[in-house]
Amino acid sequence: MSRELLELSAAEAARRVRAGDLSASELFEFWRGRAEGDETGSYLWVADAPGDEPESGPLGGVPVAVKDLFCVEGVPSAAGSRILEGYRPPYTATAVSRLREAGAPVLGKTNQDEFAMGSSTENSGFGPVRNPWDPERVPGGSSGGSAAAVAAGTAPWSIGTDTGGSIRQPASLCGIVGLKPTYGAVSRNGMIAFASSLDQCGPFGRTVEDVALLASVLVGRDPCDSTSLDHPEGIALPSAERLDGVRLGVWGLGEEGLEPGVAEQVRRALGLAEELGASTEEIALPHAGHAISAYYVIAPAEASANLARYDGVRYGKRTEADELLDMYELTRHDHFGEEVRRRIMIGTYALSSGYYEAYYGTAQKVRTRIVEDFRAAFENVDLVVTPTSPTVAFKLGERTSDPLAMYLSDYYTTPMSLAGIPAVSIPCGLSEGLPVGLQVVGPAFAESRILDAAHALERAIGFEGVPRT
Amino acid sequence: MTEVRAYEPVIGIEIHVQLRTRTKMFCSCENRFGAEPNTLTCPVCLAHPGTLPVTNAEAVHLALMIGMAFGCEVPERSIFHRKNYFYPDSPKGYQISQYDHPLAVRGRLGDVRIHRVHMEEDAAKLVHAGSSGRIHGAERSVVDFNRAGTPLVEIVTEPDLRSAAQAAEFGRLLQATLRRMGVSDVNMEEGSLRMDANVSIRPAGEATLGTKTELKNMNSFRFLERGITAEIERQEAILHADGQIEQETLHFDPRSGSLTSLRSKEEAHDYRYFPEPDLVPIAPTPEMLERARSALPELPAERAERFERDLGVPAAAARMLAFRAELGDLLEAALAADGADARALANWVTNEVAARIGDSDPGDTRLEPAALAALVGMVEAGDVPRSAAKDVLGVLVDEGGDPREIVASRGLGAAGSDELAEIVDRAIAGNADAVEKIRAGNDKAIGAVVGAVMREAKGRADGGEVQRMIRERIGS
Ligand SMILES: [Zn+2]
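Chains as they are written, first to last, in my numbering: chain F, 2 to 470; chain X, 644 to 1119.
See below:
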């Protein structure tokens, strides 16, 4: 029985619960046991029991693991940071409420880079997460716990957030599917903020269908988030098996930092796409190569303000001192990690009088150019495909002393973040025995189209996940 | 002896107005003054992790009304910025404010140009225990977050004011205008109206501006005037001694009359403004603009002009009636009762009624507008002497009633002409000495005869009328 439950896709499990063929409470207990037995460091908290989620909902009682930075009332929600250790929010994030209302109980809170700042989950204040494919390697980040839990089979599916690649890159490194929706498609209310103009909630799953099903209940305008929008078409469950007439624009296969093994698997997937009826052509995104630079100005700038509230005054950790300024400085020095402090410094500098135009102003101009690049590209192609990560999963500790090398992990994912457009990463093969991700990108609100294409490719690729024990 | 140069002050005012909305600027907490500390809070205004601001549409409406009252241009889009600073009164570590794209620009109030009108949120309130009264050296400081997130409008004038008195007068006009619009409580003591002044001086006749200083948070118009006066004198003294004005922010202590520096230019904050990514721009639609425009009542400046032009009320009285809208309302209600002439009524309202009720609202007394009109009408007709009428007004304010009945029942009516003539005759007969002196040209002597008449008439006679009758009789 348990082997069968482990192999079921989440969408299939939901169908069985709704049909009365599977008990939701049994299902919860099964996954709770799996989460409790996790050995990857994916979980920071595991729920004891489900709430009163309706089994008849579209998510049919299938529990969902939630990245730590989603506020859940009464449940520890620390965004992977020691400064919020023990903090239990007085309210619940809209995304989590929507999942619950659709029938999915919260299974647990997953580990992440502190405040979502990182690409390996090594910046967590609560210890690293290990990649289920190789425990010596990172799962990617910042949503590493949410990705590793699904890959390792300790969660049927999960949600994370993506600011510059934090869903797509760990999905790629863990060999699962991860979707970053259009900016504004999912409410940010209750998501502990990193960079507000980029942060977006999205799902992880073992299949494209699972991801589409979660996404379909996540999207929608929320009166608590002024930047959220109604999804014009909603998200349909994918059904495409062919790609006839679909024009794919290929970007970034000639980049220097791209591992040959990764390039090879991506090329193989493109060959399969052509066999399914798609056409492929190389395209130029002239400014996308500057996305990393712009991203690492804009995101820290916003973060420097977003993280100002962790001052020891109202909640969270405080280091006592006699003078106010000392209290601020000691609290923030003692309880923020090194990467968070580095980005606050970068962001503060970028916004400082006399530097604002040179850094923040220029970065925003680059962002506008990247938006225009994609707009132009989508006049000639239907979708854009790229590698998700230039490399397969790297070793723990390999890049921690070299922030710039770490930042380059986001080379293929930051352009879409800056443009605010949807992108999904699907596994497309192995290189050196480790998964490679293929990124499929569409114009704003084209989630259904990229998921359909991903679904057709998924069938053709036939990727086998990491063996689960 | 060195020549004492004459300087011209140049003053601009920055006003913070708390808007009278049902809820706060970016959350659904009640917006109310005077509640128990920290009872009007929620995760948003306490800046809990993950919370997002949502702009209060009612606040935007009131702010648009303010912009329109000044005849401002309203740009198609205005945006919010984050103003970053660390202090316990700032729960998010930044204030959401408007920066280079304000809600409304280029308007006018009276003869002062309005530079801009923008929206922002108020800070929390800090209370420091201990003798210093400031956070440095305080034994303990506590924060009340009820005020955090209260909707504010900041109004910035051009430096068009040339004296402390003019600045205070402008403040009063602004307060009356906002009060009339109903957009704010405009209570300076409670902090719903706060004023800062930018002050510089320059040699009279020069066009370039001198270095300005900023006077913070003066909580009455009197203190505003005194503070600006003190600052002008301080700057004049510095320039007379060939010194240099430092750009700084000053606090005026009304008790000691002294100015203390809060921070110098070097200590000025770098607020690191950047566009607030959690909010979308404010893009007022034609419907929003029309709704704001049609919500504007007649404003005090227009009303004063109308009183002066249409009713012939003298300028000072017209301004008083317009600035204290409740007095203007009393006048108009009394006029509608059709009992007395407008000028006479305006005179009574601005003098006798104002003196009698002080700062309170005539609507809170027993005085009926029609009764006031009737009383003033009786005075005009000579049916009741002015001095007796003041007593009647006192009765009307305290107890109400019909002025005719009060006059009749208390025997306050003017003495009849026959009765008065007899009294005058008796007084002339009884004061032969005085009458002799008057006939001999000593005009002052008439006082004794008038006094005798008034004593016997017990105030029911008009002094001027009595004098006229005495002169007529003795042929002087
Ligand atoms: Zn609130």
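Glycine included, C-beta positions come from ideal geometry on N, C-alpha and C.
Remember, predicted model here, so these are calculated numbers, not experimental data.
N727 (chain X) - partner residues in DSSP beta bridges: Within the second sequence, residue 727 (chain X) is the residue found at index 84, counting from 1. According to DSSP, N727 (chain X) bridges with X:Y737.
For I905 (chain X) and chain F, any beta-carbon pair shorter than 8 Å? Here the question's residue 905 (chain X) lines up with position 262 in the second sequence. Reading off the sequence shown, one finds Leu at residue 905 (chain X), where the question assumed Ile. It does not; no Cβ of chain F falls within 8 Å.
In whole angstroms, what separates the C-alpha of P51 (chain F) from that of W32 (chain F)? Within the first sequence, the letter at position 50 stands for residue 51 (chain F). Within the first sequence, the letter at position 31 stands for residue 32 (chain F). Cα to Cα, P51 (chain F) sits roughly 11 Å from W32 (chain F).
With a 10 Å radius around its C-beta and 16 neighbouring C-beta atoms as the bar for buried, classify K396 (chain F) as buried or exposed. Start at 1 with the first residue of the first sequence, and residue 396 (chain F) comes out as number 395. With fewer than 16 other beta carbons inside 10 angstroms of its own, K396 (chain F) counts as exposed.
Could you run through the segment 735 to 761 of chain X and flag, in chain order, every residue whose CB is less than 7 Å away from some CB of chain F? K735, G736, Y737
Please report whether the beta-carbon of N727 (chain X) lies at a distance below 8 Å from any beta-carbon of chain F. For the purposes of this step, residue 727 (chain X) is taken as residue 84 along the second sequence, with counting starting at 1. It does: the Cβ of N727 (chain X) has a partner Cβ on chain F nearer than 8 Å.
Ligand 1 and C672 (chain X): does any heavy atom of the ligand fall closer than 7 Å to the residue's C-beta? Looking up residue 672 (chain X) in the second sequence gives position 29. Indeed, a heavy atom of ligand 1 lies less than 7 Å from the Cβ.
Cβ-heavy atom distance between C72 (chain F) and ligand 1 below 7 Å? By 1-based counting over the first sequence, the position of residue 72 (chain F) is 71. Every heavy atom of ligand 1 is 7 Å or more from the Cβ of C72 (chain F), so no.
M644 (chain X): buried (16+ other C-beta within 10 angstroms of its C-beta) or exposed? Start at 1 with the first residue of the second sequence, and residue 644 (chain X) comes out as number 1. Interpretation of M644 (chain X) is limited by its pLDDT of 44, a score under 50 that renders its predicted location unreliable; the figure taken from the coordinates is listed afterwards. M644 (chain X) comes out exposed.
Can T684 (chain X) be considered in contact with ligand 1, in the sense that its beta carbon sits closer than 7 Å to one or more heavy atoms? Counting from one through the second sequence, the residue named residue 684 (chain X) turns up at place 41. T684 (chain X) Cβ: within cutoff of ligand 1.
Can you list, in chain order, the residues of the segment 899 to 931 of chain X whose Cβ is nearer than 9 Å to any Cβ on chain F? D913, Y914, R915, Y916, F917, P918, E919, P920, D921, L922, V923
Please list the segments of the beta strand (DSSP E) lying wholly inside the segment 218 to 295 of chain F, counting only runs of 3 or more residues, in order along the chain. 248 to 251, 280 to 283
Nearest by alpha-carbon distance to G128 (chain F): which of F:A148, F:G81, F:G161, F:S167 is it? Taking the first residue of the first sequence as position 1, residue 128 (chain F) is located at position 127. When only C-alpha atoms are compared, the closest one is F:G81.
Whole angstroms is fine: what's the gap from A1031 (chain X)'s alpha carbon to G1102 (chain X)'s? Taking the first residue of the second sequence as 1, we reach residue 1031 (chain X) at position 388. Taking the first residue of the second sequence as 1, we reach residue 1102 (chain X) at position 459. In this structure, the alpha-carbon of A1031 (chain X) lies about 7 Å from that of G1102 (chain X).
Taking Cβ to Cβ, would you say E919 (chain X) is nearer than 8 Å to F788 (chain X)? Your numbering for residue 919 (chain X) matches position 276 in the second sequence. Your numbering for residue 788 (chain X) matches position 145 in the second sequence. The answer is no: Cβ separation not under 8 Å.
DSSP state of P943 (chain X), grouped into three classes? In the second sequence, counting from the first residue as 1, residue 943 (chain X) sits at position 300. In the structure shown, P943 (chain X) falls within a helical segment according to DSSP collapsed to helix, strand and coil.
Could you check what DSSP says for Q809 (chain X) in three-state terms: helix, strand or coil? Position 166 of the second sequence holds residue 809 (chain X). Helix.
Which residues mark the beginning and the end of the beta strand (DSSP E) in which P846 (chain X) is found? As a first step, residue 846 (chain X) is located in the second sequence; it is residue number 203 there, counting from the start. Element bounds for P846 (chain X): 836 to 846.
Any C-beta of chain F under 8 Å from that of G814 (chain X): Along the second sequence, read from residue 1 onward, the residue named residue 814 (chain X) stands at position 171. It does not; no Cβ of chain F falls within 8 Å.
Pull out every residue of the segment 674 to 707 of chain X whose Cβ sits closer than 9 Å to any Cβ of chain F, in chain order. C685, P686, V687, L689, A690, H691, P692, G693, T694, L695, P696, V697, T698
Residues of the segment 188 to 202 of chain F in Cβ contact with chain X at a cutoff of 7 Å, in chain order, please. Sequence-ordered contacts of the segment 188 to 202 of chain F with chain X read R189, N190, G191, M192, I193, A194, S197, S198 [C-beta pairs closer than 7 Å].
Kindly list the residues whose CB is nearer than 7 Å to the CB of D815 (chain X), restricted to its own chain and excluding five residues on each side of it in sequence; keep chain order. In the second sequence, counting from the first residue as 1, residue 815 (chain X) sits at position 172. Correcting the residue identity first, residue 815 (chain X) is Arg in this sequence and not Asp. For R815 (chain X), where only same-chain residues beyond five positions count, the Cβ hits under 7 Å are F864, F966.
Could you tell me whether any non-hydrogen atom of ligand 1 is closer than 7 Å to the CB of C688 (chain X)? Here residue 688 (chain X) is taken as the residue at index 45 of the second sequence, counted from 1. Checking the Cβ of C688 (chain X) against ligand 1 gives yes.
Under 8 Å: do the segment 382 to 390 of chain F and the segment 441 to 455 of chain F share three or more Cβ pairs, one atom per stretch? Taking 8 Å as the limit for Cβ pairs, the verdict is that the segment 441 to 455 of chain F does touch the segment 382 to 390 of chain F.
Determine whether the Cβ of P731 (chain X) lies closer than 8 Å to any Cβ atom of chain F. To locate residue 731 (chain X), count along the second sequence from 1; it is residue 88. True, the Cβ-Cβ gap to chain F drops below 8 Å.
Option nearest A454 (chain F) by Cα separation, candidates F:M407, F:N112, F:Q440: Your numbering for residue 454 (chain F) matches position 453 in the first sequence. Closest by alpha carbon: F:Q440.
With a threshold of 6 Å on Cβ separation, who are the neighbours of T1 (chain F) within its own chain once the five nearest residues in sequence on each side are excluded? Nothing about residue 1 (chain F) can be reported from this structure: the residues present for chain F run from 2 to 470 only.
Under 8 Å, Cβ to Cβ, is there at least one residue of chain X near S120 (chain F)? In the first sequence, residue 120 (chain F) corresponds to position 119, counting from 1. At a cut-off of 8 Å between beta-carbon atoms, S120 (chain F) makes no contact with chain X.
Any idea what DSSP makes of M644 (chain X), helix, strand or coil? Start at 1 with the first residue of the second sequence, and residue 644 (chain X) comes out as number 1. Note that M644 (chain X) scores 44 on pLDDT, short of 50, meaning its location in the model is unreliable and no value can be drawn from it.
Here's a check: name, in chain order, each residue in its chain whose Cβ is nearer than 8 Å to the Cβ of L720 (chain X), leaving out the five neighbours to either side. Counted from its first residue, the second sequence places residue 720 (chain X) at position 77. It should be pointed out that residue 720 (chain X) corresponds to Arg in this sequence rather than to Leu. Excluding sequence neighbours, R720 (chain X) sits near H744, P924, I925, A926.
Starting from P136 (chain F), find everything on chain X with Cβ-Cβ shorter than 7 Å and list it in chain order. The residue labelled residue 136 (chain F) in the question sits at position 135 within the first sequence. Correct list: empty, because the minimum Cβ distance to chain X is about 31 Å.
For a cutoff of 8 Å on Cβ pairs, would you count D323 (chain F) as touching chain X? Position 322 of the first sequence holds residue 323 (chain F). D323 (chain F) does not count as touching chain X.
Euclidean distance between Cα positions of P1005 (chain X) and G693 (chain X): Taking the first residue of the second sequence as 1, we reach residue 1005 (chain X) at position 362. Taking the first residue of the second sequence as 1, we reach residue 693 (chain X) at position 50. In this structure, the CA atom of P1005 (chain X) is about 50 Å from the CA atom of G693 (chain X).
Could you check whether V760 (chain X) and I709 (chain X) sit closer than 8 Å to each other, using their CB atoms as the reference points? Position 66 of the second sequence, counted from the start, is the residue given in the question as residue 709 (chain X). Position 117 of the second sequence, counted from the start, is the residue given in the question as residue 760 (chain X). Going by C-beta atoms, I709 (chain X) is nearer than 8 Å to V760 (chain X).
Can you look up P129 (chain F) in the DSSP assignment and give me helix, strand or coil? On the first sequence, residue 129 (chain F) is found 128 positions in, with the first residue counted as 1. Coil.
Contact with chain X by Y361 (chain F), beta-carbon distance below 8 Å: As a position in the first sequence, residue 361 (chain F) is number 360, starting the count at 1. True, the Cβ-Cβ gap to chain X drops below 8 Å.
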